[in-house]
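Numbering (UniProt numbering), first residue to last: 1 to 355. Built from N, CA and C at the ideal position, the CB exists for glycine as well. This one's a predicted model, so the numbers in the text were calculated from it and none came from an experiment.
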């Protein structure tokens with residue numbers, strides 16, 4: 001589907017198979033706001049939808065559509081072709097617009113573990129304790145062969161010390177790596193550039209970060225760095241950080257947080273030892289947006305129940321996604337396993353509630 005001009009059709013038009021009239025019509029809907037250098041993605045998507053419908057009507061006798069995780073476009077095409085009876089209540093029309101932040105970098109795993117859900121959070125997260133996540137299995141750690149190769153190229157290095165492990169996380173935060181055992185995405189989110197220097201310092205001190213977001217206060221929703229949800233809106237974020245650390249470092253952080261009431265934190269280790277200054281039932285919106293003629297949208301939350309589910313996957317990733325890249329007899333694998341058991345026994349998440 002045509003989603004964005006700059007990274008989609010803007011590259012494809014160079015191919016000889018793309019008709020020139022499509023490129024020409026794309027130019028007519030493409031606009032750039034000089035102050036933001038932002039392509040009007042909504043207009044581009046609308047044209048992509050129109051083009052898809054037009055092609056289905058004029059070129060094809062039968063259809064086989066793949067959603068590619070963009071089911072809204074597929075459904076819109078089918079509805080415009082008159083192939084869906086809107087009077088019927090189909091289960092795939094269920095809207096899901098709120099997710100825990102812990103799955104932000106692993107959407108496929110989240111989909112796999114929630115495939116049995118019949119009701120998804122809408123607008124605001126309710127009582128997540130009633131939602132049953134699927135069991136952790138090999139499926140969550142399976143990857144395309146090309147991704148395995150990328151991880152091997154970037155993450156299989158000689159490991160002789162804790163500093164060697166920290167160095168890989170620092171490289172990731174600087175954008176020097178395009179893969180991560182803890183992420184299904186290609187590279188970092190654009191917003192990470194806002195805080196990447198701070199993240200490097202944090203990792204240098206032995207706090208290995210696997211998820212983060214900067215604070216955002218009333219940025220335009222069409223911002224190329226932190227925007228989402230379409231134009232003419234404003235978006236907000238609380239600063240968020242998720243990392244592994246040793247027991248000693250955890251104790252030091254918790255002690256400092258006692259004097260900082262604007263920070264909430266949760267920590268849990270493999271033995272289910274829970275340390276937190278927030279209640280088990282507390283749910284925290286960490287991303288929200290304000291748009292015309294809509295209620296406030298809260299797409300990302302921090303939820304203790306989901307965090308406890310996520311921690312198993314986070315810990316298992318050390319052995320099943322990173323250590324497994326090494327040969328059994330590789331000395332680095334032996335050192336790696338020793339380090340991971342001794343130092344990275346905890347996964348910790350914190351939220352800063354003030355700008």
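- Taking three-plus beta-carbon pairs below 8 Å as touching, is the segment 156 to 167 in contact with the segment 297 to 306? no
- Mind checking whether residue 270 and residue 315 have CB atoms under 8 Å apart? Counting from one through the chain shown, the residue named residue 270 turns up at place 270. Counting from one through the chain shown, the residue named residue 315 turns up at place 315. Contact: yes.
- Query: Buried or exposed: which applies to residue 175, given that a residue is buried once 16 or more other Cβ atoms fall within 10 Å of its Cβ?
  - Reply: Sequence index remark: in the chain shown, residue 175 carries index 175 (1-based). Exposed: under 16 other Cβ atoms inside 10 Å.
- residue 266 lies in the beta strand (DSSP E); which residues open and close that run? For the purposes of this step, residue 266 is identified with residue 266 of the chain shown, where counting begins at 1. Element bounds for residue 266: 263 to 269.
- Message: Taking DSSP's pairing of strands, which residues face residue 244 in a bridge?
- Response: On the chain shown, residue 244 is found 244 positions in, with the first residue counted as 1. Residue 244 is bridged to 208, 347.
- Use the C-beta contact count for residue 63: other C-beta atoms within 10 angstroms, 16 or more gives buried, fewer gives exposed. Here residue 63 corresponds to residue number 63 of the chain shown, with the count starting at 1. Exposed is the call here.
- Apply the 10 Å Cβ neighbour rule to residue 82 and answer buried if 16 or more other Cβ atoms are within range, or exposed otherwise. The count along the chain shown starts at 1 and reaches residue 82 at position 82. Exposed, by the Cβ-count rule.
- Do you know how far the Cα of residue 295 is from the Cα of residue 232? Looking up residue 232 in the chain shown gives position 232. Looking up residue 295 in the chain shown gives position 295. Going by the C-alpha atoms only, they are around 14 Å apart.
- Message: DSSP has residue 276 in a bridge; who is on the other side?
- Response: Numbered from its first residue, the chain shown carries residue 276 at position 276. Beta-bridge pairing links residue 276 to 266.
- Query: Can you name the residues that DSSP bridges to residue 239?
  - Reply: As a first step, residue 239 is located in the chain shown; it is residue number 239 there, counting from the start. In DSSP, residue 239 forms a bridge with 352.
- Message: Can you tell me whether residue 287 is buried or exposed? The criterion is at least 16 other CB atoms within 10 Å of its CB, across all chains shown.
- Response: Counting from 1 along the chain shown, the entry for residue 287 is found at position 287. Residue 287 is buried by the Cβ-count criterion.
- Item | C-alpha distance - residue 330 paired with residue 309, whole-angstrom precision | Within the chain shown, residue 330 is the residue found at index 330, counting from 1. Within the chain shown, residue 309 is the residue found at index 309, counting from 1. Approximately 31 Å between the Cα atoms of the pair.
- Query: If residue 267 sits next to residue 352, beta carbons under 8 Å apart, how far is it from one beta carbon to the other, in whole angstroms?
  - Reply: Walking along the chain shown from the start, residue 267 turns up at place 267. Walking along the chain shown from the start, residue 352 turns up at place 352. Their Cβ separation, rounded to whole angstroms, is 16 Å, which puts residue 267 and residue 352 out of contact at 8 Å.
- Item | Spatial neighbours of residue 221 in its chain, beta-carbon cut-off 8 Å, leaving aside the 5 residues before and after | Numbered from its first residue, the chain shown carries residue 221 at position 221. Excluding sequence neighbours, residue 221 sits near 227, 228, 229, 230, 231, 232, 233, 234, 235, 289, 291.
- Message: If distances are taken between C-alpha atoms only, which option among 204, 348, 318 comes closest to residue 334?
- Response: By 1-based counting over the chain shown, the position of residue 334 is 334. Closest by alpha carbon: 318.
- Task: Check residue 220 in the structure and name its three-state DSSP category.
- Result: Working through the chain shown from its first residue, we reach residue 220 at position 220. Here residue 220 sits in strand by DSSP.
- Query: Would you report the Cα separation of residue 189 and residue 244, rounded to the nearest angstrom?
  - Reply: For the purposes of this step, residue 189 is taken as residue 189 along the chain shown, with counting starting at 1. For the purposes of this step, residue 244 is taken as residue 244 along the chain shown, with counting starting at 1. Between residue 189 and residue 244, the C-alpha separation is close to 20 Å.
- Could you tell me how far apart the beta carbons of residue 185 and residue 212 are, in whole angstroms, since I believe they sit closer than 8 Å? As a first step, residue 185 is located in the chain shown; it is residue number 185 there, counting from the start. As a first step, residue 212 is located in the chain shown; it is residue number 212 there, counting from the start. Not quite, the Cβ-Cβ distance comes to about 13 Å (not below 8 Å), so this is no contact.
- Task: Just mark residue 237 as buried or exposed, buried being the case when its beta carbon has 16 or more other beta carbons within 10 Å.
- Result: Along the chain shown, one-based indexing puts residue 237 at 237. Classification for residue 237: buried.
- If you check the beta carbons only, do residue 348 and residue 165 fall under 8 Å apart? Counted from its first residue, the chain shown places residue 348 at position 348. Counted from its first residue, the chain shown places residue 165 at position 165. Their beta carbons are not under 8 Å apart, which means residue 348 does not touch residue 165 by this criterion.
- With DSSP as the reference, label residue 326 as helix, strand or coil. Against the chain shown, residue 326 aligns to sequence position 326. Three-state result, residue 326: coil.
- Query: Which same chain residues, not among the five before or five after residue 196, have their C-beta less than 8 Å away from its C-beta?
  - Reply: In the chain shown, the residue the question calls residue 196 occupies position 196. Closer than 8 Å at Cβ, skipping near neighbours: 173, 174, 175, 188.
- Cβ neighbour criterion (16 or more within 10 Å) applied to residue 60: Position 60 of the chain shown, counted from the start, is the residue given in the question as residue 60. Exposed is the call here.
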